[in-house]
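Participant: Following this message is one structure expressed as structure tokens.
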Amino acid sequence: MTKTEFEATVEFDDGSTAELEMAADKSWDSFLNYFGDAQHVYCVTYSQSPAFIYKMFQNQDLAVDSLEVIVGDNQHDDYRRSLKNTSNAKKIAAQLESLRQDGDLLIHTVDSARVLLHTKLYIVENQDGSRTLICGSANLSKQAWQGSKQTNVNIAWRTDGDTPVDEWFERLYAFHKEYATPFMEDLTEEIEDAETAEEEAKIYDIWLGGDEFSDDPVAELNARLDEAVDDDQVNTYNVVTDAEEAEKAVFAAEETDTDPTEISPDKRVRLSPQGLEDAISNLDDTLSANNIRINDGEIVATPAGIARYKETFTGYPDLNVDRDDKQVGLRVDDSVLELTAPLPDDPQGVADALDLIEQYIETVGEFGETRTPKETRAHFYEGIIYFCWAPFANYCAHHYAEYESAELDKDLPFLFLHGDNDSGKGMFLRFGTRLISNGYVQEVTTGDDFVKNNIERARASDTVFPYIVDDVAKSKIDRDIIKSYWEGKWDGSIQMPTFIFSSNDSTKPKSELRTRMKTLDFNVNFSELKKDEREAAAQIAGQADSCNLFPWFAHLFLQRDISLPDQSDRLADARDVFAELYAYAGKEPPEYVPLETPAEQEHDPGRRKWISALSDGLCELDFKDDGRIVADFSANLDQQQCWEFQKATPAHIRANIYGPAVQFESANRFQDWIDESGIIEAARRDTETAADNTGVLSRVTRLVRG
1 MTKTEFEATV EFDDGSTAEL EMAADKSWDS FLNYFGDAQH VYCVTYSQSP
51 AFIYKMFQNQ DLAVDSLEVI VGDNQHDDYR RSLKNTSNAK KIAAQLESLR
101 QDGDLLIHTV DSARVLLHTK LYIVENQDGS RTLICGSANL SKQAWQGSKQ
151 TNVNIAWRTD GDTPVDEWFE RLYAFHKEYA TPFMEDLTEE IEDAETAEEE
201 AKIYDIWLGG DEFSDDPVAE LNARLDEAVD DDQVNTYNVV TDAEEAEKAV
251 FAAEETDTDP TEISPDKRVR LSPQGLEDAI SNLDDTLSAN NIRINDGEIV
301 ATPAGIARYK ETFTGYPDLN VDRDDKQVGL RVDDSVLELT APLPDDPQGV
351 ADALDLIEQY IETVGEFGET RTPKETRAHF YEGIIYFCWA PFANYCAHHY
401 AEYESAELDK DLPFLFLHGD NDSGKGMFLR FGTRLISNGY VQEVTTGDDF
451 VKNNIERARA SDTVFPYIVD DVAKSKIDRD IIKSYWEGKW DGSIQMPTFI
501 FSSNDSTKPK SELRTRMKTL DFNVNFSELK KDEREAAAQI AGQADSCNLF
551 PWFAHLFLQR DISLPDQSDR LADARDVFAE LYAYAGKEPP EYVPLETPAE
601 QEHDPGRRKW ISALSDGLCE LDFKDDGRIV ADFSANLDQQ QCWEFQKATP
651 AHIRANIYGP AVQFESANRF QDWIDESGII EAARRDTETA ADNTGVLSRV
701 TRLVRG
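In terms of full-length UniProt numbering, the sequence shown is residues 1 to 706.
Structure below.
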């Protein structure tokens, strides 16, 4: 029962009167007494889920004709997410939609993460035209009352519906409604366009978030922190048109004497911690270190705090691709660097940017020693193309997923750079990171700091900045995770980065991983550089900080119609953009630039290794009647040395090791790959001659022995 502490009759200046009472309510049933004769209810309250409001309305806890609710502690997507996690979510969503269209049950959610409506306010219109107006601490949530022993103090006015206090409550309700947006309005618009029941069912599936919300609470926390930052809370600078301001933003983030994560009224970001409790608990120290805190039941932070936390999470900044606005944005404290720009009116700017890339690539052969300058430069340039494509791997996943034949773990390859010590791998990785970050990222993760758990953290990071690891041991690249990195986790709800590895291990990854990696060989040595050569190389690399190639690339890439690529060239779209850049610049690309065929195919070091072995007679080829070829190295190599040749073949060739021999399942594939018919035929003749000689010798021996 309601325990009334105070009651009185109040007369207003216009002569109207109202009954005022103050009461302590200790149960849901006592709170419902206020709604006994209700016909229409308007309220501002906290509510955990739209399903709870629906069930309460449907079960006649409130025997009312209509209910309008402003939910003060949830944004639209938060509320949609909570509905998705309810059993029979689609059925409840359909019933809520029907009630909404009839005007019987209307729900509004706050329109910004910065808004938290803590008010508990009720306008109850009774059957006889009178009103009960309530302001207090009680939520319209049966679950909240049952979940704990609550006591709520409420002040209620009982009026005839036409008093000054009625007007005041109406204005107060309207004031709160200005900070809210209708829940499910977007669904209504789509449902109205549906022509069949199947189409309508699909709309419900999509709206409920079948491809929008993550099951990983840490990933969900990272995504919701991003969403909570409003555009007017950050300064946005385009790195091409606002180059000076963008440079200052980067400098300020690196050299600031003040704490940009300190919370101030104009930089305060708020969001509900609902459903994120486990993630917050696990990351409490990291969150607190960046001034992301739980205060009065809400997460409070600043844009800079969120940006720094996200960077701490993986070691790389928060880079986002906006698929709707066709923009790439890099968060640096309370600034966003736009890394997208239309091509300049003067093509010379593009020509200069391409010149810089070529100057860097041509340090191979000019400063670094190599016996294969053209081939190695092509591999370096292929790496540049990959770096520019890398931030769009997640973007491509959205497009590829529309195809039933998509295999994301093969269609979205990682990059693996292979080379000896001093082959320039580390310098190349730093050049690439500077190129795609406007100079903000200068360093990369080292192999010593990389553990298998980092791959899982990348999956939950909600950033598309590539995860780059220099000098990693192959044993640290977890086979099971790499084989199912995308398809095992990606559902479209969380942005996931691709990976770039470099290693100087003597052998390449196993074939089952090579189908999921683009492997490039850095066959060059920079160990003997003179002082002036080192300085010249460093000067060239430093210019990546202000090079506008990536913003122009990004703009062109986002204008393309992305379709599922052919497995033979998974960077075809990126390659075409580079061809477009060269054409716009009116510049003839050097011979080594791989604009038509991937460098690792056009200049395959494994192919070169096999051609050398065949030319030098290192192995004998045995052509089997069933179409197999066996390359027998037994006369010159042991089994361990044979592994190098097996690993030098592309995965699609299907080469297996048998003692000191390598067996190819398809002679045609092997011959097509070698693409040197003369060498194959010469090896075949040598093998046949050797076999004939062996046969003659055997017959002579038998004759001699009698």
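The beta carbon of each residue, even a glycine, is placed where N, CA and C say it ideally should be.
Predicted, not measured: the structure shown is a model, and the values here were computed from it.
From what residue to what residue does the beta strand (DSSP E) around G72 run?
Facilitator: Position 72 of the sequence shown, counted from the start, is the residue given in the question as residue 72. Here the beta strand (DSSP E) through G72 covers S66 to Q75.
Participant: Does DSSP put G606 in a helix, in a strand, or in coil?
Facilitator: In the sequence shown, residue 606 corresponds to position 606, counting from 1. The answer is helix: DSSP assigns G606 an H, G or I state.
Participant: If distances are taken between C-alpha atoms only, which option among I92, D345, K425 and G349 comes closest to V364?
Facilitator: For this step, residue 364 is matched to residue 364 along the sequence shown. V364 has its Cα closest to that of K425, out of I92, D345, K425 and G349.
Participant: Considering E620, what are the terminal residues of the beta strand (DSSP E) in which it resides?
Facilitator: If you number the sequence shown from 1, residue 620 lands on position 620. First-last of the beta strand (DSSP E) with E620: E620 to F623.
Participant: What do you get for E5, buried or exposed, if any count of 16 or more other CB atoms within 10 angstroms of its CB means buried?
Facilitator: Counted from its first residue, the sequence shown places residue 5 at position 5. So E5 counts as exposed.
Participant: Given this structure, state the Cα-to-Cα distance separating D532 from T649, to the nearest angstrom.
Facilitator: Residue numbering aside, residue 532 sits at position 532 when the sequence shown is read from its first letter. Residue numbering aside, residue 649 sits at position 649 when the sequence shown is read from its first letter. Straight-line Cα distance between these residues: approximately 39 angstroms.
Participant: Can you give the Cα-Cα distance for R81 and A228, rounded to whole angstroms?
Facilitator: Mapped onto the sequence shown, residue 81 falls at position 81. Mapped onto the sequence shown, residue 228 falls at position 228. Going by the C-alpha atoms only, they are around 15 angstroms apart.
Participant: Does the contact criterion of 3 or more C-beta pairs under 8 angstroms hold for the region 579-599 versus the region 612-626?
Facilitator: Flag = no, the region 579-599 and the region 612-626 do not touch.
Participant: Give, in chain order, every unbroken run of the alpha helix (DSSP H) that is at least 4 residues long and sits entirely within the region 415-493.
Facilitator: The qualifying runs are 425-437, 453-459 and 479-483.
Participant: Quick one: is E535 buried, meaning 16 or more other Cβ sit within 10 Å of its Cβ, or exposed?
Facilitator: Taking the sequence shown and counting its residues from 1, the one referred to as residue 535 is at position 535. Classification of E535: exposed, given that the 10 Å Cβ count is below 16.
Participant: Would the beta-carbon of V71 fall within 8 angstroms of that of I107?
Facilitator: Here residue 71 refers to the residue found at position 71 when the sequence shown is read from its first residue. Here residue 107 refers to the residue found at position 107 when the sequence shown is read from its first residue. Yes, Cβ-Cβ distance for V71 and I107 is below 8 angstroms.
Participant: Tell me whether N523 sits in a helix, a strand or coil according to DSSP, three-state version.
Facilitator: Counted from its first residue, the sequence shown places residue 523 at position 523. Coil.
Participant: Beta-carbon within less than 6 angstroms of N394's beta-carbon, same chain only, minus the 5 sequence neighbours each way: which residues are those?
Facilitator: Mapped onto the sequence shown, residue 394 falls at position 394. Cβ neighbours of N394 beyond the five flanking positions: V464, Q495 and M496.
Participant: Excluding the 5 residues flanking D345 on each side, which residues of the same chain have their C-beta closer than 6 angstroms to its C-beta?
Facilitator: The residue given as residue 345 occupies position 345 in the sequence shown. There are no such residues.
Participant: Tell me the DSSP secondary structure of S281 in three-state form.
Facilitator: What you label residue 281 is simply residue 281 of the sequence shown in a count that begins at 1. It is helical.
Participant: Report yes if the CB atom of E97 is closer than 8 angstroms to the CB atom of I191, and no otherwise.
Facilitator: Mapped onto the sequence shown, residue 97 falls at position 97. Mapped onto the sequence shown, residue 191 falls at position 191. Closer than 8 angstroms, so yes.
Participant: Enumerate, from N- to C-terminal direction, the unbroken beta strand (DSSP E) stretches of 3 or more residues contained entirely within the region 287-343.
Facilitator: Runs of the beta strand (DSSP E) inside the region 287-343: 293-295, 298-301, 318-322, 327-332 and 335-338.
Participant: Would you please state the rounded distance, in angstroms, between the beta carbons of R434 and V441? I believe it to be under 8 angstroms.
Facilitator: As a first step, residue 434 is located in the sequence shown; it is residue number 434 there, counting from the start. As a first step, residue 441 is located in the sequence shown; it is residue number 441 there, counting from the start. With 8 angstroms as the limit, R434 and V441 qualify as a contact, their Cβ atoms being about 7 angstroms apart.
Participant: Which ranges would you report for the alpha helix (DSSP H) in the region 198-236 if only whole runs of at least 4 residues count?
Facilitator: Runs found: 217-228.
Participant: Is the CB-CB distance between F31 and D37 below 8 angstroms?
Facilitator: The residue you call residue 31 lines up with position 31 of the sequence shown. The residue you call residue 37 lines up with position 37 of the sequence shown. No, they are not a contact pair.
Participant: Between the alpha carbons of D307 and W157, how many angstroms are there, rounded?
Facilitator: Taking the first residue of the sequence shown as position 1, residue 307 is located at position 307. Taking the first residue of the sequence shown as position 1, residue 157 is located at position 157. Just to set this straight, residue 307 is Ala in the shown sequence, not Asp. Those two C-alpha atoms are separated by around 47 angstroms.
Participant: Does the region 351-366 come close enough to the region 541-550 to have 3 or more Cβ pairs within less than 8 angstroms?
Facilitator: Contact between the region 351-366 and the region 541-550 is present, because at least three Cβ pairs lie under 8 angstroms.
Participant: Chain D beta carbons: is any one of them nearer than 8 angstroms to that of L283?
Facilitator: Here there is only one protein chain, and chain D is not present.
Participant: Assuming V364 is part of the alpha helix (DSSP H), what are its boundary residues?
Facilitator: Numbered from its first residue, the sequence shown carries residue 364 at position 364. Looking at the DSSP string, the run of the alpha helix (DSSP H) that includes V364 is T363 to E366.
Participant: Quickly, what does DSSP pair C135 with across the bridge? List them, please.
Facilitator: Position 135 of the sequence shown, counting from 1, holds the residue named residue 135. Paired residue(s): L121 and I155.
Participant: What are the boundary residues of the beta strand (DSSP E) that I385 is part of?
Facilitator: Reading the sequence shown from its first residue, position 385 is the one you call residue 385. Here I385 belongs to no beta strand (DSSP E); instead the alpha helix (DSSP H) covers P373 to W389.
Participant: Using a threshold of 8 angstroms, state whether the C-beta atoms of L354 and Y582 are closer than that.
Facilitator: Within the sequence shown, residue 354 is the residue found at index 354, counting from 1. Within the sequence shown, residue 582 is the residue found at index 582, counting from 1. For L354 and Y582, yes; Cβs fall inside 8 angstroms.
Participant: In whole angstroms, what separates the C-alpha of F251 from that of P317?
Facilitator: Residue numbering aside, residue 251 sits at position 251 when the sequence shown is read from its first letter. Residue numbering aside, residue 317 sits at position 317 when the sequence shown is read from its first letter. Distance between the alpha carbons of F251 and P317 is about 15 angstroms.
Participant: Give the C-beta separation of F12 and T163 to the nearest angstrom, bearing in mind that I take them to be a contact with Cβ-Cβ under 8 angstroms.
Facilitator: Indexing the sequence shown from 1 puts residue 12 at position 12. Indexing the sequence shown from 1 puts residue 163 at position 163. Yes, they are in contact, since the Cβ atoms of F12 and T163 sit about 6 angstroms apart, within 8 angstroms.
Participant: Which term fits S272, buried or exposed, when burial requires 16 or more other beta carbons within 10 angstroms of its beta carbon?
Facilitator: Mapped onto the sequence shown, residue 272 falls at position 272. Buried: at least 16 other Cβ atoms inside 10 Å.
Participant: Applying the criterion that 16 or more other CB atoms from any shown protein chain within 10 Å of the CB defines a buried residue, is D323 buried or exposed?
Facilitator: The residue given as residue 323 occupies position 323 in the sequence shown. Before going further, note that residue 323 is Arg rather than Asp in the sequence given. So R323 ends up on the exposed side.
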